[in-house]
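Taken in sequence, the protein lines are chains A and B. Residue 44 is where the first sequence starts when you use our numbering, and the numbers rise one by one after that. Residue 89 is where the second sequence starts when you use our numbering, and the numbers rise one by one after that. Taking it in order: structure first as structure tokens, then the write-up.
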Amino acid sequence: MDIFDHLALGFGAALTLSNLGFCLIGALLGTLIGVLPGIGPIATIAMLLPLTFGMPPLAALIMLAGIYYGSQFGGSTTAILVNLPGESASVVTCIDGHRMARQGRAGAALSIAAIGSFVAGTAGTIVIAVFGPVLAAFSQRFNSPEYFSLMVLGLVSAVVLAHGSLLKAVTMIFVGLLLGMVGTDMTSGTGRYTFDIPELSDGLGFVPVALGLFGLSEIIVNLERPEARSLLAGKITGLWIRWRELTQSLPAVLRGTALGCAFGVLPGGGPTLSAFASYSLEKKLADDPARFGQGAIEGVAGPESANNAAAQTSFIPLLTLGIPSNAVMALMMGAMMIQGIAPGAQVMNQRPELFWGLIASMWVGNAMLLVINLPLVGLWATLLKTPYRLLFPCILIFSCIGVYSLNTSAFEVLLTAFFGVVGYVFAKLDCEPAPLLLGFVLGPLMETSLRRALLISRGDPMVFLERPISAVLLGLAALLLLIVVAPAVRRGRDTAFQE
Amino acid sequence: MRIRAPKDFYAGLLFIAIGALGAALALRYPFGSATRMGPGFLPTILSGITALLGLSILLRSFVIDGEAVTRVVWRPLVLITAAIVVFGLTVTRAGLVVAVMATAIVGGLAARDMGRVELVLLALGLAAFSAVVFVHGLGQPIGLWPF
Numbered sequence: 044m045d046i047f048d049h050l051a052l053g054f055g056a057a058l059t060l061s062n063l064g065f066c067l068i069g070a071l072l073g074t075l076i077g078v079l080p081g082i083g084p085i086a087t088i089a090m091l092l093p094l095t096f097g098m099p100p101l102a103a104l105i106m107l108a109g110i111y112y113g114s115q116f117g118g119s120t121t122a123i124l125v126n127l128p129g130e131s132a133s134v135v136t137c138i139d140g141h142r143m144a145r146q147g148r149a150g151a152a153l154s155i156a157a158i159g160s161f162v163a164g165t166a167g168t169i170v171i172a173v174f175g176p177v178l179a180a181f182s183q184r185f186n187s188p189e190y191f192s193l194m195v196l197g198l199v200s201a202v203v204l205a206h207g208s209l210l211k212a213v214t215m216i217f218v219g220l221l222l223g224m225v226g227t228d229m230t231s232g233t234g235r236y237t238f239d240i241p242e243l244s245d246g247l248g249f250v251p252v253a254l255g256l257f258g259l260s261e262i263i264v265n266l267e268r269p270e271a272r273s274l275l276a277g278k279i280t281g282l283w284i285r286w287r288e289l290t291q292s293l294p295a296v297l298r299g300t301a302l303g304c305a306f307g308v309l310p311g312g313g314p315t316l317s318a319f320a321s322y323s324l325e326k327k328l329a330d331d332p333a334r335f336g337q338g339a340i341e342g343v344a345g346p347e348s349a350n351n352a353a354a355q356t357s358f359i360p361l362l363t364l365g366i367p368s369n370a371v372m373a374l375m376m377g378a379m380m381i382q383g384i385a386p387g388a389q390v391m392n393q394r395p396e397l398f399w400g401l402i403a404s405m406w407v408g409n410a411m412l413l414v415i416n417l418p419l420v421g422l423w424a425t426l427l428k429t430p431y432r433l434l435f436p437c438i439l440i441f442s443c444i445g446v447y448s449l450n451t452s453a454f455e456v457l458l459t460a461f462f463g464v465v466g467y468v469f470a471k472l473d474c475e476p477a478p479l480l481l482g483f484v485l486g487p488l489m490e491t492s493l494r495r496a497l498l499i500s501r502g503d504p505m506v507f508l509e510r511p512i513s514a515v516l517l518g519l520a521a522l523l524l525l526i527v528v529a530p531a532v533r534r535g536r537d538t539a540f541q542e
Numbered sequence: 089m090r091i092r093a094p095k096d097f098y099a100g101l102l103f104i105a106i107g108a109l110g111a112a113l114a115l116r117y118p119f120g121s122a123t124r125m126g127p128g129f130l131p132t133i134l135s136g137i138t139a140l141l142g143l144s145i146l147l148r149s150f151v152i153d154g155e156a157v158t159r160v161v162w163r164p165l166v167l168i169t170a171a172i173v174v175f176g177l178t179v180t181r182a183g184l185v186v187a188v189m190a191t192a193i194v195g196g197l198a199a200r201d202m203g204r205v206e207l208v209l210l211a212l213g214l215a216a217f218s219a220v221v222f223v224h225g226l227g228q229p230i231g232l233w234p235f
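Given below as structure tokens:
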């Protein structure tokens, strides 16, 4: 089968009435939480994960994916209208997008964000369709040592590309790996860190961990400071974008898309980094860089395309190698496992309708967002006025119900409360929880492949260097670490994040 | 010696504590060898590395400058945590309706600008919504009432 047959199969699966419905629900829900500051895709997906239990696998994945890229879409609306990033990936959109809104060009900014996102979404879908099978075929040559090295590379690049302190991010990964050790040891049956609590014998559930660290701690942190929001209401006049603005921003859209597609595949890369990178790139390439920060449309078009493209392509490592590249993908992996699907290359071979259906749905979802969201901008702007004091009790309740209904376990609700406090402490100390979640999910997988690899090699660690693919992967990881520790790059990385 | 980066100082302490606790517990599990790893093998190593990294963050906090830890506001921290605990303790026996209302009211008090009438209405609304959507609509296996 070639790519067109695959896509035809995918669209056949995605275009059923119920799957279209789930796609729409996911995309709208994603936009909603993207618009609302204080709740992001990680918390939302964790909250809704239990509900997907009773759904068909494809419908569940379509909806959760919709939440993810929908939130990238919605985040830009808030950024432009209120100068408040609804999502971390829209931080850069605030700079020029909000300036444009204050100049009365909110409509143009919103339109170019939507158009750019759609172009990027389309390109992202094609990239997955073309490179997915190639990578999946390559991964057939992977064995335990290769998988272990791949995960090491993944974790290393997640740290390198994460923002904030490098040392703390590395430590958070190790804390995550350690949390992944909780539960019954597969080989010996010994309970590790279970404190004789029966609920812990299967390990920590990652819904309580993710929801506590990302959802609840966020609520506590938000409530610490008084609410300050200034909405630029009633100023959205005409969504039409001038032809000159369109031609002016087209190259930025294409460059942003390319950048996003590439960065999205990298572990730890994802939307936020792509948006930042695209903004710096546009600023460098501009004839008159001084326009940036004063309402340059390229400063909206580039990053918005980049973050959406990256949201798409970050599915590649999960779908082809079975390895999540960021915290959201870790949750998608959880969703697949709830459905009894082991993520990885075998999904493409054994359940092609699932793989291609998901990819086709992403394109459908992006098209829906383009058609539906622009007319709905007024509605989103109204929703933005919802005071946080009415919003957070809803998040709180839905989180509790979500966690409880997963296993009908009151213990997991208490566990969520515990990780909420832990997440609060981490937030106070500037420790990013995303690397921890990634380590937590990868921990058990890494232990298994490490054990197998060392069993085959009779305990000789050289096995990781003697096998060529594994050696290359580890070499890349070492190179990445070396580059970041080198002072010159370090300075560049710091300035990139400050911009 | 003066602490120049308080956030890093406390983060370092926290990581050392996590590592020490992890190692202390892991030493009770059989360690094994590289060929046949025991259940304590990786936990011991990971705990050790966590503690070492924590130590380096701690030491670094005496050398480089960093931000001070912002003040802890106890009201949201205590009330939001308490609200979830309330939900966990009540939902099985008292049912969803009671649990949601109790959780919403305890949690809602975390916001200073919350009105009393507003909060009660919100709690009632959330209880009704949860019962209808989650239990009736989505068929989640949760009892609604205490009996």
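Positions of the beta carbon are idealized from the N, C-alpha and C atoms, including for glycine.
Beta-carbon proximity check, residue i vs residue j, cutoff 8 Å
i: I230(B); j: L184(B); result: yes
i: L508(A); j: I216(A); result: no
i: F462(A); j: L256(A); result: yes
i: A354(A); j: Q183(A); result: no
i: G167(A); j: G109(A); result: no
i: A43(A); j: V264(A); result: Given a span of 44 to 542 for chain A in the structure shown, any question on residue 43(A) remains unanswerable.
i: E347(A); j: G83(A); result: no
i: S231(A); j: G110(B); result: no
i: L220(A); j: G445(A); result: no
i: S133(A); j: A122(A); result: yes
i: P100(A); j: L417(A); result: no
i: G107(B); j: S149(B); result: no
i: T363(A); j: A520(A); result: no
i: T120(A); j: V162(A); result: no
i: A199(B); j: V174(B); result: no
i: G207(A); j: D473(A); result: yes
i: A253(A); j: G176(B); result: no
i: G303(A); j: S321(A); result: yes
i: E189(A); j: R510(A); result: yes
Residues that residue i contacts on chain A, provided the C-beta gap is smaller than 7 Å
i: A182(B); result: Here the premise fails: no neighbours, minimum Cβ distance about 11 Å.
i: P234(B); result: Within 7 Å Cβ-Cβ: nothing; P234(B) doesn't reach chain A, min ~15 Å.
i: T132(B); result: Residues of chain A passing the Cβ test: none, with the nearest at roughly 10 Å.
i: M89(B); result: Result: empty, since nearest Cβ-Cβ is about 19 Å, beyond 7 Å.
i: L214(B); result: P436, C437 and I440
i: G195(B); result: P436 and L439
i: A190(B); result: Per Cβ cutoff of 7 Å: no residues; A190(B) is ~11 Å from chain A at best.
Residue i versus residue j - alpha carbon distance
i: V220(B); j: A187(B); result: 15 Å
i: G258(A); j: Y112(A); result: 19 Å
i: G55(A); j: G400(A); result: 7 Å
i: C137(A); j: R334(A); result: 15 Å
i: P436(A); j: S121(B); result: 51 Å
i: A172(A); j: A305(A); result: 14 Å
i: L523(A); j: S200(A); result: 7 Å
i: F96(A); j: S448(A); result: 10 Å
i: A156(B); j: S404(A); result: 47 Å
i: G226(A); j: E206(B); result: 43 Å
i: G225(B); j: L214(B); result: 15 Å
Contact test: residue i Cβ vs the ligand ADP heavy atom, cutoff 7 Å
i: F217(A); result: In terms of ligand content, the structure shown is empty, and the ligand ADP therefore cannot be addressed.
Where residue i meets chain A, residues with beta-carbon distance less than 9 Å
i: I104(B); result: Simply none; closest approach about 10 Å.
i: S218(B); result: I440, F441 and I444
Contact belief for residue i with residue j at Cβ below 8 Å, rounded distance in angstroms
i: F97(B); j: L146(B); result: 6 Å
i: V390(A); j: I384(A); result: 6 Å
i: Q146(A); j: G338(A); result: 5 Å
i: I104(B); j: L130(B); result: The Cβ separation is near 19 Å, so there is no contact.
i: G223(A); j: P478(A); result: Not a contact, Cβ separation roughly 13 Å.
Where residue i meets chain B, residues with beta-carbon distance less than 7 Å
i: R235(A); result: Y117, P127 and P131
Contacts of residue i in chain B (Cβ-Cβ under 8 Å)
i: R510(A); result: Within chain B, no residue comes near R510(A); the closest Cβ sits about 17 Å away, beyond 8 Å.
i: L266(A); result: V161, R163, P164, I168, A198 and A199
i: R501(A); result: T123
Chain B contact residues for residue i, given Cβ-Cβ distances below 9 Å
i: V456(A); result: I172, V173, F175, G176, L177 and V179
i: Y190(A); result: Per Cβ cutoff of 9 Å: no residues; Y190(A) is ~16 Å from chain B at best.
Beta-carbon neighbours of residue i, restricted to chain A and to distances below 8 Å
i: V157(B); result: K471 and L472
Residues in the segment 459-483 of chain A having any Cβ partner in chain B nearer than 9 Å:
Per Cβ criterion, the list reads T459, A460, F461, G463, V464, Y467, V468, F469, K471, L472, D473 and C474.
Note down, in chain order, all residues in the segment 88-122 of chain A with a beta-carbon under 8 Å from any beta-carbon belonging to chain B.
So the close ones are P93, L94 and G97.
Please list the residues of the segment 201-231 of chain A that have a C-beta atom closer than 7 Å to any C-beta atom in chain B, keeping them in chain order.
Taking 7 Å as the Cβ-Cβ cut-off against chain B, the residues of the segment 201-231 of chain A that qualify are L210, K211, V213, T214, F217, V218, L220, L221, M224, D228 and S231.
When you check each C-beta in the segment 142-155 of chain B against every C-beta of chain A, which residues fall closer than 9 Å?
Hits within the stretch, in order: G142, S144, I145, R148, G154 and E155.
Please name the residues in the segment 395-411 of chain A whose beta-carbon is closer than 8 Å to at least one beta-carbon of chain D, in chain order.
This model lacks chain D altogether, as its protein chains are A and B.
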